[in-house]
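Numbering (our numbering), first residue to last: 137 to 376.
Working notes, structure below.
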């Protein structure tokens with residue numbers, strides 16, 4: 137239930153923040169998510185290599201540098217963005233704890249058990265804010281419109297399932313902070329995709345930001361790999 141609550145609040149807060157501020161501003165605040173995750177992991181008393189703070193700062197800084205667009209400041213937007221960051225960080229930290237603790241959950245099982253409370257919470261929020269109007273609107277659809285809606289919803293459900301399941305496997309392997317750092321690299325892929333598909337232009341500042349992001353992710357992978365080697369060596373020495 138705590139994981140489901142964190143998912144629901146983070147999604148609701150991040151979507152509502154777009155009403156009060158620009159996409160560029162929400163991306164800048166969202167870039168600090170890996171730093172917030174570090175704070176949450178430390179508060180929960182979970183093991184963490186403090187050297188990973190360096191690549192986390194690099195990734196956050198690179199994302200902020202590469203963010204382009206009109207920056208519309210809004211105090212309510214700031215509050216909502218940071219609320220989304222805190223609950224998103226809490227979600228991945230709790231997921232790591234559930235999958236690596238004493239009573240380990242399989243990623244598939246964890247996704248299933250969090251999906252049910254999430255559905256009930258989202259349903260409650262929908263009824264409280266929109267009432268039955270969405271259901272009435274769907275009921276008025278006929279023929280091709282209804283088929284298109286069902287197909288679109290089905291594709292979205294499959295996509296969301298695959299995305300959340302992949303995120304759980306990444307969190308289990310890399311940890312809460314690692315999964316957030318790697319997720320920030322999506323900005324580079326998004327821009328490269330825009331260049332190839334839409335012929336978009338990339339500024340020098342954006343390129344610098346992307347290089348810093350990739351450098352931070354590379355540093356994280358190296359530090360994490362070295363840490364695992366040291367732990368394996370220490371265990372081997374203890375068993376001798």
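Where is the CB? At the ideal position from N, CA and C, for every residue including glycine.
These numbers were taken from a predicted model, which means no experiment stands behind them.
Euclidean distance between Cα positions of residue i and residue j
i	j	result
residue 280	residue 287	10 Å
residue 354	residue 242	28 Å
residue 168	residue 199	9 Å
residue 182	residue 319	21 Å
residue 289	residue 184	39 Å
residue 226	residue 351	26 Å
residue 239	residue 308	14 Å
residue 174	residue 142	16 Å
residue 257	residue 283	27 Å
residue 298	residue 292	10 Å
residue 190	residue 178	16 Å
residue 263	residue 285	20 Å
residue 277	residue 151	26 Å
residue 339	residue 349	16 Å
residue 201	residue 137	36 Å
residue 317	residue 197	12 Å
residue 146	residue 365	35 Å
residue 230	residue 139	7 Å
residue 296	residue 373	44 Å
residue 224	residue 254	14 Å
residue 341	residue 347	10 Å
residue 271	residue 314	40 Å
First through last residue of the alpha helix (DSSP H) which encompasses residue i
i	result
residue 233	211-236
residue 186	That residue, residue 186, is in no alpha helix (DSSP H); it is neither H nor E in DSSP.
residue 278	Looking at the DSSP string, residue 278 is not in any alpha helix (DSSP H), and its letter there is neither H nor E.
residue 137	Segment: none, residue 137 is in no alpha helix (DSSP H) and carries neither H nor E.
Three-way DSSP call (helix, strand, coil) for residue i in this model
i	result
residue 339	coil
residue 251	helix
residue 241	coil
residue 167	coil
residue 290	helix
residue 157	coil
residue 317	helix
residue 299	helix
residue 363	helix
residue 268	coil
Outcome for residue i when other beta-carbon atoms lying within 10 angstroms are tallied against a minimum of 16
i	result
residue 312	buried
residue 302	exposed
residue 267	exposed
residue 211	exposed
residue 215	exposed
residue 252	exposed
residue 367	exposed
residue 305	exposed
residue 234	buried
residue 221	buried
residue 244	exposed
residue 362	exposed
residue 162	buried
residue 217	buried
residue 155	exposed
residue 250	buried
residue 265	exposed
residue 186	exposed
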